[in-house]
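Presented below is the structure to which this report refers.
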Amino acid sequence: MDILYISGPGHGAPAMLANCYLEGHYSEIYPDKDRDEAGMLKFFRQFSFPGGIGSHCTPETPGSIHEGGELGLFHIATHTGRAFDNPDLIVTVAVGDGEAETGPLATSWHSNKFLNPIRD
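Residue 123 is where the sequence shown ends in this note's numbering, and the numbering goes up by one at each step.
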């Protein structure tokens with residue numbers, strides 16, 4: 004399947020980082036974090052630690068398209084357009100607590116009314 008997983012840069016970071024590591028992309032960029040016991044230990048110990056990686060997604064996360072900010076304000080609205088433009092792409096969006104508190108998200112919940120599941 005052709006799937007795009009979208010997560011806000013905030014509390015969705017652990018899921019994005021875990022997926023990058025399990026798929027092997029993280030180890031391609033950071034070979035000292037290989038997919039063995041020693042590499043996994045290094046990967047875990049660097050998370051949210053001074054000099055390590057942030058508790059939020061940062062540009063250093065392989066495969067991330069960093070929009071900036073920590074409230075992922077427009078994920079559903081932005082990526083509904085990706086579903087419109089790419090009929091064969093399945094777009095999944097994880098909404099974090101920061102985004103859930105915004106007006107843009109409240110409006111975005113209505114975007115499914117414009118999608119046709121056969122065509123989009």
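Where a beta carbon is used, it is the ideal one built from N, C-alpha and C, also for glycine.
Predicted model only: the values in this text are computed from it and were never measured.
- Rounded to the nearest angstrom, the Cβ distance from D5 to D91 is 6 Å, consistent with a contact under 8 Å.
- In the DSSP assignment, Y8 falls within the beta strand (DSSP E) that extends over 6-10.
- I9 and A103 do not touch by the CB rule: their CB atoms are close to 15 Å apart, not below 8 Å.
- With a cut-off of 8 Å on Cβ pairs, the region 14-34 is not in contact with the region 104-117, counting fewer than three such pairs.
- The Cβ-Cβ distance between G57 and A18 does not fall below 9 Å.
- Secondary structure at I79: helix, using DSSP grouped into helix, strand and coil.
- For T110, the uninterrupted alpha helix (DSSP H) run begins and ends at 106-111, by DSSP.
- Beta-bridge partners of F50 (DSSP): I56.
- Leaving aside the five residues that flank S30 on each side, the residues in its chain whose CB is nearer than 6 Å to its CB run, in chain order, K36, D37, R38.
- Distance from the CA of L20 to the CA of R48, rounded to the nearest whole angstrom, comes to 13 Å.
- Of the candidates G42, T61, G84, the residue whose Cα lies closest to the Cα of N119 is G84.
- Shown here for K45: same chain residues with a beta carbon closer than 8 Å to its own, the five before and five after excluded, namely D35, K36 in chain order.
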